[in-house]
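A short worksheet on the structure shown next.
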């Protein structure tokens, strides 16, 4: 590994061939793409997506790219923004096992929009998507995952998504190394986002912004715009501002042989992923114990869970995304953990759910990993019952099966497309690398 | 001062009245606006602006806002981007005396674009502009100027410009406090940029990006998008990621009585401001000493100068912006320091200028402020001569006069507009608060 990391990564991104992707990588790329297309459709009609589209549509250009699930088209930069926003608005997307990044939205949204104005094969799309996700995950890992040291305050998706988007777009546009490196630099220089925004629409906007920023960076680079050739490693560069001590090997070591995309995981529940082991445990306990028999729910939670989701009494859906108390209440009262269980009117303000949260208490167990939790219910009769989850459903150790992913996809897409078109789109995603024109995928999700 | 700083600043931004602005503040706001309009026109036909426009024009919306100096219109978000880029592309804009931020471009570009689709009076425009610049400068000061501690690696303009833009746009749109606070939060969450980009078009793009980001944030807030109400001070918020130890009093103390806009300064030379005292000294020495009699040029430079501009042998115009060696050579060989003195072909690659740089050596003097320098020339005859500049022309202690600003404006605008229209636009800027429709100003700069 040289010290010219930006150049090394750009060279890799333009040289890697589809034939070089191991079967497992192709499979995980397909699963990631399928999952995120479902998430875009599931979020397409969210009020926050409506608001962003209404705000910006007056300033958009010629309609050439699909606003998936909205029955409309726009210019590809706006489509990247809106589809990126929809992909993330329910926090139902995907997460790298180690780095807290939701990688697929900021790569898929611009890649699919670009495919409609710049036709490429399905194989090219899937390769570009896999490379974008791979380098986005590597970058995020290099910032904060030990031995790296960095601040959890940054939004991993916000600050690494633009790189993934630029790489996917640049690869689809057939960039040479210098142009790819320029696009990467432009995207890195515009990377932004911090976690104080959790609970507001600015959090899914980080995926949206990343989608658009990276695609725009590719358009700028193609037109001759310039950037630093050492955007990552240069003095006063990206790595210096976003990490106290970046892990360069995690970023640029073993390119083509170590695959971070294999560590991508998919959310079975539409909320902050660090709440998921608590949901697993609560649903398990609820099977045998009625909510009204419970006096208290004591939760031992991981450091990540406590830092991000120890938020009692959310006021609306977006705050509920990151409230472990809300979801514990949902599990015990309703026995479910679905999108409709965080609707502001019918769930977040449901008096029964609000009241139950008073029984829920979370404490830190520093030894727990972020996919683990221990939930103990103390009953009115004096008994207590404990469920320990070491690896929640959807984690790298207990990955969602293809069938579970298909069911999740169908649950999100069917209300928008109907059963027949949903099944057709599912097949397109599963066979994406056989498509002659990858734009068919976005158009089928109109 | 409360701990709800985002709320306090939003409340101030919506409540301040034009009648509350002291005369000196109105005057400095007019001078800032006049200077930056000149800079936009001076940069309007730069190849980097052409490249950005060519890259993105295919995706722009209905033409309603002027691309100043380009004889064209576009949608207001693209106009904010392109005019913001032009304002900064020659590094000829303005700088706060203490915080290294170039405040006016990211505020004027969106404000003028917005004025064309949302008519306001000149008084409203000038008030909105003054408030945007003021809060942008306060924010930048709060991050790095002692007693604050923060990293110089961040681009002050990139990370604080979006706030200034959002505040100006929100004020012009007549926002109430909560909507203004939301717009500020969206803009803060999308703030980005670091200094490794110096020497590339990504540096002026930071002003451009800030212009567009802030205006877009206002449009999103108007449509009901949401943000954290504590974007600045919240846990994992803006202040926590951009400063090790922010100075909250610099940010939010004495609103309406202390005015940072009075510390704005204007560049007499089109290059990094920390080179300016060196140029003053070199031009002074050059008046009495011919270049070919000089054996060596020894420069004692401030920490800021050494950190940002100790760059010998730039390769192109953008690198020349931040090369003290280039400008020392220009001063001694040509006796000038103009835009044409950094043209890539006729100046940066001029063999005489390149050769002279070998004689130039800079060393750090930690005691020098960034507007100070000491230049000693050692002659072939063994004699030596020293010029010490304590405060360079254009610094807060030696501000450019109104006549000097008018001459700078004319030098930039005349090649684009001709002498007659240049004079007319100058008068519009000088009397901006008397305009019934502030959009006249942008249209007069078409």
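Residue numbers (the working numbering), protein chains in the order written: chain S, 1342 to 1787; chain D, 1342 to 1787. Each residue gets a CB set at the ideal place from its N, CA and C atoms; glycine is no exception.
Straight-line gap, residue i to residue j (C-alpha atoms, nearest Å)
i	j	result
residue 1751 of chain S	residue 1435 of chain D	55 Å
residue 1346 of chain S	residue 1571 of chain S	7 Å
residue 1701 of chain D	residue 1621 of chain D	16 Å
residue 1687 of chain S	residue 1681 of chain S	8 Å
residue 1825 of chain D	residue 1418 of chain S	With chain D covering only 1342 through 1787, there is no way to say anything about residue 1825 of chain D.
residue 1375 of chain S	residue 1770 of chain S	5 Å
residue 1634 of chain D	residue 1442 of chain D	38 Å
residue 1482 of chain S	residue 1555 of chain S	19 Å
residue 1779 of chain S	residue 1772 of chain S	11 Å
residue 1602 of chain S	residue 1444 of chain S	9 Å
residue 1522 of chain D	residue 1440 of chain S	31 Å
residue 1407 of chain S	residue 1596 of chain S	33 Å
residue 1485 of chain D	residue 1592 of chain D	11 Å
Beta carbon proximity, residue i to chain S, threshold 8 Å
i	result
residue 1342 of chain D	With a pLDDT of 43 at residue 1342 of chain D, under the threshold of 50, the modelled position of that residue is not reliable, and no figure is offered here.
residue 1569 of chain D	yes
residue 1441 of chain D	no
residue 1417 of chain D	yes
residue 1527 of chain D	yes
Burial state of residue i, where buried means 16 or more other Cβ atoms lie within 10 Å
i	result
residue 1342 of chain S	Note on residue 1342 of chain S: pLDDT 43, under 50, position unreliable in the model; no value is reported.
residue 1371 of chain S	buried
residue 1598 of chain S	exposed
residue 1763 of chain D	buried
residue 1696 of chain S	exposed
residue 1765 of chain D	exposed
residue 1358 of chain D	exposed
residue 1414 of chain S	buried
residue 1544 of chain S	buried
residue 1578 of chain D	buried
residue 1424 of chain D	buried
residue 1420 of chain S	buried
residue 1549 of chain D	buried
residue 1690 of chain D	exposed
residue 1656 of chain D	exposed
residue 1727 of chain S	exposed
residue 1490 of chain S	exposed
Residue i at chain D interface by Cβ criterion, 8 Å
i	result
residue 1407 of chain S	no
residue 1431 of chain S	no
residue 1400 of chain S	yes
residue 1765 of chain S	no
Counterpart residues of residue i in DSSP-defined beta bridges
i	result
residue 1436 of chain S	S:1606
residue 1720 of chain S	S:1635
residue 1495 of chain S	S:1535
residue 1386 of chain S	Note: residue 1386 of chain S sits in no beta bridge, so no partner.
residue 1702 of chain S	S:1639
residue 1729 of chain S	S:1715
residue 1445 of chain S	None; residue 1445 of chain S has no bridge partner.
residue 1572 of chain S	DSSP, once it has assigned bridges, lists no residue as partnering residue 1572 of chain S.
residue 1401 of chain S	D:1401
Where residue i falls: helix, strand or coil (DSSP)
i	result
residue 1641 of chain D	strand
residue 1566 of chain D	coil
residue 1668 of chain D	helix
residue 1362 of chain D	coil
residue 1738 of chain S	coil
residue 1679 of chain S	coil
residue 1368 of chain S	helix
residue 1755 of chain S	helix
residue 1461 of chain S	coil
residue 1483 of chain D	helix
residue 1714 of chain S	strand
residue 1348 of chain S	helix
residue 1415 of chain D	strand
residue 1749 of chain S	helix
residue 1342 of chain S	Caution is warranted here: a pLDDT of 43 is assigned to residue 1342 of chain S, below 50, making its placement in the model unreliable, and no coordinate value can be reported.
residue 1584 of chain D	coil
residue 1520 of chain D	helix
residue 1596 of chain S	strand
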